[in-house]
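Protein chains: 2
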Amino acid sequence: MMKIGFFSKLSQVPVKTLRYYDEIGLLKPLKIDPFTGCRYYSVSQLSRLNRILALKDLSLSLDQIAHLLAEGLPVEQLRGMLRLKEIEIEEEMKVEQEKLARVAARLRQIEQENEMSNYDIVIKKVDAQEIASLREIIPAYPEQGQLWEELEGVLGEKKIKPIAPCFTLYHADEPEIDAEVCEPIAKNGTVLEHPRVKSRSLQGAEMATLIHHGPFATLSNAYEALLKWIEGNGYRINGPYREIYLQSPSESGNQQDHDVITEIQFPVEKI
Amino acid sequence: MMKIGFFSKLSQVPVKTLRYYDEIGLLKPLKIDPFTGCRYYSVSQLSRLNRILALKDLSLSLDQIAHLLAEGLPVEQLRGMLRLKEIEIEEEMKVEQEKLARVAARLRQIEQENEMSNYDIVIKKVDAQEIASLREIIPAYPEQGQLWEELEGVLGEKKIKPIAPCFTLYHADEPEIDAEVCEPIAKNGTVLEHPRVKSRSLQGAEMATLIHHGPFATLSNAYEALLKWIEGNGYRINGPYREIYLQSPSESGNQQDHDVITEIQFPVEKI
DNA sequence: CCTTGACTCTCCACTTACTGGAGGCTGTAT
DNA sequence: ATACAGCCTCCAGTAAGTGGAGAGTCAAGG
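Protein sequences appear in the order of chains A and B. Numbers in the working numbering are just positions in the first sequence, counted from 1, shifted up by 13. Numbers in the working numbering are just positions in the second sequence, counted from 1, shifted up by 13.
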């Protein structure tokens, strides 16, 4: 029978932690003096504490440990938990490794350019989205203008308001540019009756994205950076990419070209 | 200029998180309506948010990110941080890997024995310790009895009280047993004047430990388990080991043999 | 005999990066 | 008129402790 300080010295576990284990019911002292409130532990409780520490070391949570100990340490359950833990740790290591690769890649990039890249590439899931769109083969990227006018015309006529920034879906760049100009619309079951403008829904997807400030003519830098990143970080493009016109030059008269803001999204998957 | 919900949709960052970033000053909305309290964001703030997400992805803390952004993203500093991060992640991966090894080892052990081992091995740092001790070559382990009597006698004579459980330090088992019986004492500068009993201080060390319940005769199982663990988990013994008599058979008359509690500690280092 | 130091206790706040909910406001659509 | 969506603030909770304040008890030292 000893007080908490001595027990702490024997076990090399801080007093605070022992009190915490008492509080959550993981390791109750053998007895508590009802007058002083002092906790008294016995030497034999060291084994339980050691068992707790050993399980904790296998990165089980205190909660799990408490359950295991409460149920008399059923081998079956422990085995199951450890199997899960094994998978979990492997998973985590994979994540860490990828993170390490990204850090290393960024470092290399800094060393090379000796300045911050202007682009911050982010992976994000984008939701499924209902769109009204018009798809056509065009000879050059700026030729979309007419498509946009046609699309806006039809939507205006039908009094349909876009609910998010418009974008172009590029299904192919070579040998010809296969572009689909899109306006996100609310989903309400009705089908758009029109020979050229159709409504459909896009699936959600994981996207590698970046945001570009400046005129369309400088977009190629952004594409270069993004494609390089995708290749360098072990992803593969698996669908048509999007060019989202967050702030287009025409939106307000006093906007300079460098206020044009465009987001590029490539749907990707891990190799 | 848009409200928080739209900004959240564009960035795919939850509204709650955006409010949180506002609260900690990481990403303040461009303006707040003084009457409704509504937050208004501009499209161009998406880049800052993206930058935040990109840095977060490199597992910098929000605090670090806030500092970096506040100081105009100095390349030097970022480089330093990333280098540190790199080392940190590598460190973490090593830890994970060892944990994985331990989990796997435990699983193998369970498969083999199909029951929980009675021993829970724990690595812990033990503190430096002042001791009074008596060292001698003995023909067999139980022959320590006389040494203990002699040590206790001297300490009793000098009115020195041990401050922790006594233990034996084994410097060698072969070809002869080189044992040192020890009593932890308080450090107070004075030297113990005695021809055979000396005081000295033991350094702190990292120890692989387990706790054994039962008579000394069954200690060999504990040693076997501990040595197997040390070998199987990539450690190496680097000093004399200790046998700590937490609860000795002589301590109280009514104690049965199975109430004897002994801790074994091997000083180890990672290979 | 008084003070100091060593232990002990309880209770509270703080850590990270959010997440969930309650309760209340306004503006729009039915 | 009412339902709803969207916005607001404030509060609580997460895991596993850590740190500190303030109070009580005990023994040793001056």
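Even for Gly, the Cβ is constructed at its ideal location relative to N, Cα and C.
Supposed close pair residue i, residue j - CB separation, criterion 8 angstroms
i, j, result
"ARG52 of chain A", "ILE17 of chain A", "5 angstroms"
"VAL116 of chain B", "LEU95 of chain A", "5 angstroms"
"PRO197 of chain A", "GLU143 of chain A", "7 angstroms"
"ASN246 of chain B", "ALA114 of chain B", "7 angstroms"
"LYS112 of chain A", "ILE102 of chain B", "6 angstroms"
"ILE100 of chain B", "ILE151 of chain B", "Contact doesn't hold; Cβ gap of about 48 angstroms is too wide."
"LEU39 of chain B", "ILE78 of chain B", "7 angstroms"
"GLU109 of chain A", "GLU89 of chain B", "That pair is no contact at about 26 angstroms."
"MET106 of chain B", "MET106 of chain A", "6 angstroms"
"LEU75 of chain B", "ILE37 of chain B", "7 angstroms"
Residue-level contact to chain A via CB, residue i, 8 angstroms cutoff
i, result
"SER60 of chain B", "yes"
"SER212 of chain B", "no"
"LYS174 of chain B", "no"
"ARG92 of chain B", "yes"
"GLU109 of chain B", "yes"
"VAL116 of chain B", "yes"
"GLU99 of chain B", "yes"
"ASN63 of chain B", "yes"
"ARG148 of chain B", "no"
"LEU160 of chain B", "no"
"GLU103 of chain B", "yes"
"ALA145 of chain B", "no"
"ILE274 of chain B", "yes"
Rounded C-alpha distance that separates residue i from residue j
i, j, result
"ARG148 of chain B", "LEU73 of chain A", "42 angstroms"
"LYS138 of chain B", "TYR154 of chain B", "27 angstroms"
"GLU104 of chain A", "ARG92 of chain A", "18 angstroms"
"LEU66 of chain B", "LEU239 of chain B", "47 angstroms"
"HIS207 of chain B", "GLU170 of chain B", "11 angstroms"
"SER212 of chain B", "LYS174 of chain B", "13 angstroms"
"LEU120 of chain A", "TYR33 of chain B", "29 angstroms"
"ARG249 of chain A", "GLU126 of chain A", "25 angstroms"
"PHE48 of chain A", "LEU59 of chain A", "25 angstroms"
"GLU165 of chain B", "PRO188 of chain B", "28 angstroms"
"GLU162 of chain A", "LEU205 of chain A", "17 angstroms"
Residue burial classification, residue i (beta-carbon count within 10 angstroms, cutoff 16)
i, result
"TYR132 of chain B", "buried"
"MET220 of chain A", "buried"
"HIS184 of chain B", "exposed"
"LEU97 of chain A", "exposed"
"ILE274 of chain A", "buried"
"ILE134 of chain A", "buried"
"VAL210 of chain B", "buried"
"ARG64 of chain B", "buried"
"VAL56 of chain A", "buried"
"VAL26 of chain A", "buried"
"GLN157 of chain B", "buried"
Within-8 angstroms CB hit, residue i to chain B
i, result
"ARG119 of chain A", "yes"
"LYS138 of chain A", "yes"
"MET15 of chain A", "no"
"GLU237 of chain A", "no"
"LYS283 of chain A", "no"
"VAL88 of chain A", "yes"
"SER72 of chain A", "yes"
"ASP76 of chain A", "no"
"HIS226 of chain A", "yes"
"GLN125 of chain A", "no"
"SER57 of chain A", "yes"
"ARG96 of chain A", "yes"
"GLN25 of chain A", "yes"
Neighbourhood of residue i by C-beta distance below 6 angstroms, restricted to the same chain and skipping five residues each side
i, result
"SER146 of chain A", "GLU193, CYS195"
"ALA177 of chain B", "PRO197"
"ASP186 of chain B", "none"
"TRP242 of chain B", "ILE134"
"GLY50 of chain B", "none"
"ILE45 of chain B", "ARG52"
"LYS200 of chain A", "GLU143"
Contacts around residue i, its chain only, beta-carbon distance under 7 angstroms, and the 5 residues preceding and following it disregarded
i, result
"GLY217 of chain B", "LYS138, VAL139, ASP140, ALA141"
"VAL28 of chain A", "ILE17, GLY18, SER21"
"TYR258 of chain A", "PRO178, CYS179, PHE180, THR275"
"GLN260 of chain B", "ASP272, VAL273, ILE274"
"LEU215 of chain B", "ALA141, GLN142, ILE144"
Nonlocal neighbours in the same chain, by C-beta distance under 8 angstroms from residue i, ignoring five residues either side
i, result
"ILE254 of chain A", "Checking the displayed sequence, the identity of residue 254 of chain A turns out to be Tyr instead of Ile. The residues are LEU182, TYR183, ILE277, GLN278, PHE279, PRO280."
"ASP35 of chain B", "LYS41, PRO42, ARG52"
"ALA235 of chain A", "TYR132, LEU223, HIS225, THR275, ILE277"
"LEU232 of chain B", "HIS225, GLU256, THR275, ILE277"
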